[in-house]
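J.: Residue numbers (this note's numbering): 36 to 169.
Backbone N, C-alpha and C define an ideal beta-carbon position, used for all residues, glycine too.
Below is the structure I would like to discuss, written out as structure tokens.
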Amino acid sequence: MSSLKAFLNPIKVENKEVVISDRFVEDGKPVPFVIRPVTQEENEEILRKYRRKDKKSGEETFDQIGYNHELVATAVVSPDLNDSELQSAYGVLGSAKLLKKMLLIGEFTKLGEEVQNLSGLDKDLDNDIEEVKN
């Protein structure tokens with residue numbers, strides 16, 4: 036029988052430092068990004084933001100790219116992607132747009148993978164879903 040105490044006191048998932056690129060350097064060392072896990076509540080808010088329903092046809096569309104960018108940006112603690120000076124330096128407004136401007140494709144992909152892993156998602160999830168379908 037499960038103890039209610041275990042659910043009242045879950046193990047906290049700590050923020051994680053990840054070196055995404057050797058292009059961001061201070062004192063000769065790469066500066067890591069700091070990321071945090073994304074909760075399901077936050078995920079649902081982001082999902083709603085990128086889900087659209089056509090009023091005439093009733094057809095629903097989903098902006099997967101926008102969703103992925105927003106999810107990754109939500110998890111970044113440092114650098115502060117909402118910092119106006121940083122956004123101004125890259126000529127953009129918004130945290131997701133800033134990340135896209137700052138990072139190369141491989142760097143963005145690496146950061147996204149780290150966010151997914153820290154948030155409890157892993158690549159095998161897609162395989163599990165396919166197995167259940169079959």
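Along the chain, which unbroken stretches of the alpha helix (DSSP H) at least 4 residues long are found entirely within the stretch 79-138?
T.: Correct list: 99-110, 119-125, 130-137.
J.: Indicate the three-state DSSP secondary structure (helix, strand or coil) for Glu149 in the structure shown.
T.: In the sequence shown, counting from the first residue as 1, residue 149 sits at position 114. Helix.
J.: Do Pro67 and Asp57 have their C-beta atoms closer together than 7 angstroms?
T.: As a working mapping, residue 67 is identified with position 32 in the sequence shown. As a working mapping, residue 57 is identified with position 22 in the sequence shown. No. Outside cutoff.
J.: Thinking Val112 and Asn50 are a contact (beta carbons under 8 angstroms), I'd like their distance in whole angstroms, please.
T.: By 1-based counting over the sequence shown, the position of residue 112 is 77. By 1-based counting over the sequence shown, the position of residue 50 is 15. Confirmed, Cβ separation roughly 6 angstroms.
J.: If you run the structure through DSSP and keep just helix, strand and coil, what is His49?
T.: Position 14 of the sequence shown, counted from the first residue, corresponds to residue 49. Here residue 49 is Glu; the residue named in the question, His, does not match the sequence. Glu49: coil per DSSP, three-state reduction.
J.: Once DSSP output is grouped into helix, strand and coil, what is the label at Phe59?
T.: On the sequence shown, position 24 is the one that residue 59 refers to. Three-state result, Phe59: coil.
J.: The beta strand (DSSP E) with Val69 in it runs from where to where?
T.: Taking the first residue of the sequence shown as 1, we reach residue 69 at position 34. Per DSSP, Val69 belongs to the beta strand (DSSP E) from 68-70.
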